[in-house]
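S.K.: When the count follows the UniProt record's numbering, it moves up by one through the sequence shown with no breaks and lands on 411 for the last residue.
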Amino acid sequence: MKRYSDSKPISSLIRREDKTDPKPEYQRGPVWSKKQKQLLIDTILRDLDIPKFYLRAVNGGQYEWEVVDGQQRLRSIWEFRRSEYKISNDAEPVGEIEIANLTYANLPEELKDKFDSYALDLVILENATLDEVEEMFVRLQNGSTLKAAERRNALPGNMKLFIRELAKHDFFNNCGFKNKRFDFDQVAAQCMLLELNGGVRNIKNTDLEKMYLENDDFNSESSEAKKINKVLNYMVRTFPEKTPELKQGNVISLYIIVSMLLEKYAIPDYESRIGKWFIEFETKRFADLDLPEDQRDSEMVAYQNAVGHSSDAIESLEYRNKILAREFFSTFDEILPLDETREFSYGQKLAIFRRDKSLCQLKIKCAGKKLGWDDDWHIDHKIAFSKGGGTTVANGQLACAECNLAKGSKD
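This is how it looks when you write it as structure tokens:
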């Protein structure tokens, strides 16, 4: 990579606007406030210094330059030159000239000339690889308020490239949040980390950055890569249109459920039913929010707290998964495990325990005694597994240990 310094008037960069890419993939979108833009213009009109612009020279294609650093400032200059916003209404005069509340078009010719001829200091990068440019971007932005997802998007390596492509999956366009400052990349990365882990874990920003760095040689044809695409393909069929209920935290919880179902259960034609179930669950949750405090469902309160606080922590994810799994298997009690094993899953056990109101259903050695979650109890097949009884919620019943053992001895 070669670099050299240059200086060009604003008018030169105005002419090159259509040849300058302000937002290559490692860059964030426009986020400057109007006040920040106005302050920049005020600084230029007073002939004060502003930081350097870093531009990458590119060969071929639509653009001649990519903006490595200075995107917000360059956009602000272009927009002001087009009179898309005014100078602050409390701006002090420049010399004897009033500038408050003026657009570029309203400026006196003297100040237009001053603005157009203002010299911008440039650093031009030539023959720079994408990894070199992205590393420089991270270093230049290290002291700014980049979001974690923006910093990761500028890291080198295959995992960054895989997540970048994954964030373009059609499913994310149907979610109820926008891709503001790489939010799609954030959720895609969290799902990827869960898949690599094979289940629930912390998915905080520090964990995601570690994943990027430790998987810089990630294979996009690996089993984990194929699995996450399989899950997202299923989810886009489940939610084929814009679904406002799909907020960031909910998408993660739903992903965990769908990934588990595809791994362990037969759900080939359940897409629309799962979509309806999830929307009904969210409707019930939001309805609970509107109830007086003393009338609210305590589990819904706890679920809401888990969504709203430390939603990327393992404790929050495990609790949300427990509630969603129970709700799911209570609704779809006919679903069969793919491996047809004898053992009921945790979600099935929880659903049966709640459905049976924690009471023993066999009543062989007891009269239907009340059981606690930590007591010694079993889930019994109503129709014996050996006789073709399925390992489903519908074919399961809660039994105290004594009754279940008594039934076994009778069989």
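Note that the Cβ used here is the ideal one computed from N, Cα and C, for glycine as well.
Keep in mind that this is a model prediction, so the values were computed, not measured.
In the structure shown, what three-state DSSP assignment does Ile124 receive?
M.R.: Position 124 of the sequence shown, counted from the start, is the residue given in the question as residue 124. In this structure, Ile124 counts as strand in the three-state DSSP scheme.
S.K.: Going straight from the alpha carbon of Gln38 to that of Lys114, what length do you get?
M.R.: The residue given as residue 38 occupies position 38 in the sequence shown. The residue given as residue 114 occupies position 114 in the sequence shown. When rounded, the distance between both Cα atoms is 16 Å.
S.K.: Among Arg201, Arg75, Tyr118, Arg73, whose alpha-carbon lies nearest the alpha-carbon of Ser11?
M.R.: Numbered from 1 along the sequence shown, position 11 holds the residue referred to as residue 11. Of Arg201, Arg75, Tyr118, Arg73, the residue nearest in Cα terms is Tyr118.
S.K.: Give the C-beta separation of Pro337 and Tyr265 to the nearest angstrom, bearing in mind that I take them to be a contact with Cβ-Cβ under 8 Å.
M.R.: Counting from one through the sequence shown, the residue named residue 337 turns up at place 337. Counting from one through the sequence shown, the residue named residue 265 turns up at place 265. Indeed they touch by this definition, with Cβ atoms about 6 Å apart.
S.K.: Sort out for me which residues DSSP pairs Gln397 with in a bridge.
M.R.: Position 397 of the sequence shown, counted from the first residue, corresponds to residue 397. Answer is Asp380, bridged to Gln397.
S.K.: Nearest to Glu402 by CA position, among Leu317, Cys360, Asp116, is which residue?
M.R.: As a working note, residue 402 is residue 402 in the sequence shown. Considering only alpha carbons, the answer is Cys360.
S.K.: Within this structure, are the beta carbons of Gln248 and Cys175 separated by less than 9 Å?
M.R.: Reading the sequence shown from its first residue, position 248 is the one you call residue 248. Reading the sequence shown from its first residue, position 175 is the one you call residue 175. Yes, these two residues count as a Cβ contact at 9 Å.
S.K.: Across which residues does DSSP place Glu66 in a beta bridge pair?
M.R.: As a first step, residue 66 must be located in the sequence shown, where it is residue number 66. Beta-bridge pairing links Glu66 to Asp21, Arg56.
S.K.: Which runs of the alpha helix (DSSP H) at least 4 residues long sit entirely within the region 292–342? Give them in chain order.
M.R.: You should have 298–308, 314–331.
S.K.: Candidates Leu262, Lys19, Trp32, Met159: which alpha carbon is nearest Ala57's?
M.R.: Counted from its first residue, the sequence shown places residue 57 at position 57. Cα-wise, what sits closest to Ala57 is Lys19.
S.K.: If you run the structure through DSSP and keep just helix, strand and coil, what is Leu107?
M.R.: Your numbering for residue 107 matches position 107 in the sequence shown. Per DSSP, reduced to three states, the secondary structure at Leu107 is coil, with no helix or strand assignment.
S.K.: Just the C-alpha distance for Leu45 and Val94, rounded to the nearest angstrom, thanks.
M.R.: Reading the sequence shown from its first residue, position 45 is the one you call residue 45. Reading the sequence shown from its first residue, position 94 is the one you call residue 94. C-alpha separation (whole angstroms): 7 Å.
S.K.: Quick check on Glu84: buried or exposed, where buried means 16 or more other Cβ atoms within 10 Å of its Cβ?
M.R.: Taking the first residue of the sequence shown as position 1, residue 84 is located at position 84. By the 10 Å Cβ count, Glu84 comes out exposed.
S.K.: Say whether the region 78–92 touches the region 146–155, bearing in mind that this needs 3 or more beta-carbon pairs closer than 8 Å, one atom from each stretch.
M.R.: no
S.K.: Taking a contact to mean a Cβ-Cβ separation below 9 Å, would you say Tyr303 touches Arg285 in this structure?
M.R.: Within the sequence shown, the letter at position 303 stands for residue 303. Within the sequence shown, the letter at position 285 stands for residue 285. Going by C-beta atoms, Tyr303 is nearer than 9 Å to Arg285.
S.K.: Starting from the C-beta of Tyr63, find all residues in its chain whose C-beta is less than 7 Å away, skip the five residues before and the five after it, and write them out in chain order.
M.R.: Along the sequence shown, read from residue 1 onward, the residue named residue 63 stands at position 63. Closer than 7 Å at Cβ, skipping near neighbours: Lys19, Thr20, Asp21.
S.K.: Let me check one thing: in DSSP terms, what residues is Leu359 bridge-paired to?
M.R.: Along the sequence shown, read from residue 1 onward, the residue named residue 359 stands at position 359. Paired residues: Lys370.
S.K.: Please state the DSSP three-state secondary structure of Tyr86.
M.R.: For the purposes of this step, residue 86 is identified with residue 86 of the sequence shown, where counting begins at 1. Looking at the sequence shown, residue 86 is not Tyr but Lys. Correct three-state label for Lys86: coil.
S.K.: For Met136 and Ile252, I'd like the C-alpha separation in whole angstroms.
M.R.: Locating residue 136 in the sequence shown gives position 136, where the first residue counts as 1. Locating residue 252 in the sequence shown gives position 252, where the first residue counts as 1. In a straight line, the C-alpha of Met136 is about 32 Å away from that of Ile252.
S.K.: Relative to the C-alpha of Leu130, which candidate in Val67, Asn89, Gln186 has its C-alpha closest?
M.R.: In the sequence shown, the residue the question calls residue 130 occupies position 130. The residue with the shortest Cα to Cα distance from Leu130 is Val67.
S.K.: When you compare the CB positions of Tyr255 and Leu166, do they come within less than 9 Å of one another, or not?
M.R.: On the sequence shown, position 255 is the one that residue 255 refers to. On the sequence shown, position 166 is the one that residue 166 refers to. No; because the gap between Cβ atoms is not below 9 Å, this pair is not in contact.
S.K.: For Pro51 versus Asp121, is the C-beta distance shorter than 9 Å?
M.R.: Looking up residue 51 in the sequence shown gives position 51. Looking up residue 121 in the sequence shown gives position 121. Contact: yes.
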